[in-house]
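Residue numbers (the numbering used here), protein chains in the order written: chain A, 7 to 92; chain B, 11 to 463.
For glycine and all other residues, C-beta sits at the position ideal for the given N, C-alpha and C.
For reference, the structure is listed below as structure tokens.
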């Protein structure tokens, strides 16, 4: 992971979704959904809440449908950086 | 006759029929950001699509947008085609339908949707010269919905047009929907599942209600929908999403909430009623029979059946029937209460629910062991599954020649994503006893020994 926010986000994902993965082992460019971490829509909702709380960034379906955001930790981190209010 | 009131007609050929849309021509059926779709518009779009649909007997509706899903369903009905609801849209599951349903194809308005079946992409159609509102016989097979059986194979449930129309009417009666004040339904649930299909696609066709068709999943989407839709607004959602909305906080709540797909904690219902000052109702139903009862959660655990729903209890096993719906056994066990209502006693042990989806545990195990290279396997349900939204199933497999990732890939092709475990744990052997049975204790011991407890 290159940037601190990516490391923070990986740790947040593991924490909120109670995963057994070590955040340090999550590749920044690995897919989040379906493959890679294998997250699903329930996870998306839990994650959206945590991201809203932590970064003041509200995810919307229009953003998510723009597949780019959920393509990887890096992509999600980039979106948060652009829209965070905390 | 007022908008949405009874419009059961005598079909010219004899027998009962219901119009495709039992609403006034200028009634608003569907809403999207900046748009309203009236009954007249809907009929025009349905006829326009119907004219372009390939000849088929069965259509798998893979539309992503709620309005187009509804138009797709109506167009199929106009062409005498049966809509198959894909409760599981994995390619393997959808493709397998071709083995059981002849002359099958799929439709979608979204060019990114991939289908293993002959596929029709919905594109703008010429405005039809006429767009009548035909009376469709009650006995017409309108849709087939599926549950997951113990063999892992989908179990079909036939929905006749009359059953769907009557149930929408019953729901409107049950919730006191007033023709003078139509409700705006904002549903966070997908139209491909029975609950979403009934409340957000069928209801506007037969009752004074409009349905929101904009994107809707995250709290931010719900806020946008509430701001755009006219009161009275009813949020149709699930316990998981309701908790998320409480956490995210809504400055402008709806006028009513309906929750279904799983038990709503009374504390959550109370918090919503207190914080938002509105009533919270729950719907009880099952894919096999649709929505059949409702209750106001804060008033107690008793369910009251919808008008027209007939429940016969025999030693806590329930047989449910209704207009144009043959008797069907529920997998839930019920107990009758004094005033003609019922309480839930708990489910048939094989059924497990996760994220509002229901499946057969035995069916999951069958699916797992049928994967090439899997010699033995079992899904284990965490004890706290109901309490933790992030809880997932755990799978143990005996598969010396396959990797965990390969097996996960195979599962993703066959199962609803919510039932796919986060990882597959490969073991040398499952702790079966002399009779070949796996006990929960033996599995717990196995989990512990792998350091997963």
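**Prompt:** Using a beta-carbon distance cut-off of less than 8 angstroms, what residues from the stretch 64 to 87 of chain A approach chain B?
**Reply:** 64, 65, 66, 67, 68, 70 and 71
**Request:** Just the C-alpha distance for residue 274/B and residue 249/B, rounded to the nearest angstrom, thanks.
**Result:** 5 angstroms
**Request:** Kindly give me the distance between the Cβ atoms of residue 178/B and residue 38/B, rounded to whole angstroms, as I take these residues to be in contact under 8 angstroms.
**Result:** Rounded, the Cβ-Cβ distance is 16 angstroms, inconsistent with contact.
**Prompt:** Shorter than 7 angstroms from the beta carbon of residue 427/B to some beta carbon of chain E?
**Reply:** In summary, chain E is missing from the structure at hand, where the protein chains are A and B.
**Prompt:** Based on the DSSP secondary-structure assignment, which residues constitute the bridge partners of residue 327/B?
**Reply:** 324/B and 343/B
**Reduced DSSP secondary structure (H/G/I, E/B, other) of residue 224/B** = coil
**Asked** Hey, does residue 28/A have any beta-carbon neighbour from chain B nearer than 7 angstroms?
**Response** no
**Message:** Can you confirm whether residue 48/A, when its beta carbon is compared against all beta carbons of chain B, has any partner nearer than 7 angstroms?
**Reply:** yes
**Whole beta strand (DSSP E) elements within the stretch 170 to 221 of chain B, 3-residue minimum** = 193 to 197
**Item:** Neighbour-count burial assignment, residue 93/B, 16 or more Cβ in a 10 Å radius
**Value:** buried
**Request:** Give the interface partners of residue 257/B over in chain A, defined as CB-CB distance under 9 angstroms, in chain order.
**Result:** 55, 58 and 59
**Prompt:** Taking just the CA atoms, how far does residue 68/B sit from residue 112/B?
**Reply:** 7 angstroms
**Item:** Straight-line gap, residue 272/B to residue 296/B (C-alpha atoms, nearest Å)
**Value:** 10 angstroms
**Item:** Three-state class that DSSP yields for residue 88/A in the structure shown
**Value:** helix
**Asked** Going by the CB atoms, is the gap between residue 70/B and residue 101/B shorter than 7 angstroms?
**Response** no
**Item:** Where the stretch 226 to 260 of chain B meets chain A: residues whose CB sits under 8 angstroms from a CB there
**Value:** 226, 227, 228, 229, 230, 231, 234, 250, 251, 254, 257 and 258
**Asked** Closer than 7 angstroms, CB to CB, is residue 414/B near chain A or not?
**Response** no
**Asked** Cα separation between residue 11/B and residue 35/B?
**Response** Confidence at residue 11/B is low in this model, with a pLDDT of 49, below 50, so its placement is unreliable and the value that follows should be read with caution. Cα-Cα distance, rounded: 13 angstroms.
**Asked** How is the alpha helix (DSSP H) around residue 49/A delimited, first residue to last?
**Response** 47 to 61
**Asked** Taking one C-beta from the stretch 50 to 62 of chain B and one from the stretch 131 to 151 of chain B each time, how about it: are there three or more such pairs within less than 8 angstroms?
**Response** yes
**Prompt:** Do residue 41/B and residue 222/B have their C-beta atoms closer together than 7 angstroms?
**Reply:** yes
**Prompt:** When the Cα of residue 171/B is compared with those of 293/B, 86/B and 447/B, which residue comes out closest?
**Reply:** 86/B
**Prompt:** Any Cβ of chain B within less than 7 angstroms of the Cβ of residue 62/A?
**Reply:** no
**Asked** When you compare only the Cα positions, how much space is there between residue 353/B and residue 395/B?
**Response** 22 angstroms
**Asked** Name the chain A residues that come within less than 9 angstroms of residue 422/B, Cβ to Cβ?
**Response** 40, 41 and 44
**Simplified DSSP state of residue 27/B, which is helix, strand or coil** = strand
**Item:** Spatially closest choice to residue 312/B from 155/B, 331/B, 294/B and 442/B, by CA coordinates
**Value:** 294/B
**Request:** Count the other C-beta atoms from every protein chain shown that fall within 10 angstroms of the C-beta of residue 9/A, then say buried if there are 16 or more, exposed otherwise.
**Result:** exposed
**Request:** Leaving out five residues on either side along the sequence, give the residues of the same chain with a beta carbon under 8 angstroms from the beta carbon of residue 338/B.
**Result:** 167, 298, 299, 329, 330 and 331
**Item:** Best match in 84/A, 61/A, 43/A and 90/A for proximity to residue 2/A [C-alpha to C-alpha]
**Value:** Here chain A has residues from 7 to 92 only, and residue 2/A is not among them.
**Item:** Segment contact, 8 angstroms Cβ cut-off, at least three pairs: the stretch 399 to 414 of chain B with the stretch 438 to 458 of chain B
**Value:** yes
**Any C-beta of chain A under 7 angstroms from that of residue 432/B** = yes
**Prompt:** So the beta strand (DSSP E) residue 41/A belongs to, where does it begin and stop?
**Reply:** Element bounds for residue 41/A: n/a, residue is neither H nor E.
**Item:** Member of 322/B, 237/B and 79/B whose CA lies at the smallest distance from the CA of residue 212/B
**Value:** 79/B
**Item:** Straight-line Cα distance separating residue 66/A from residue 254/B
**Value:** 14 angstroms
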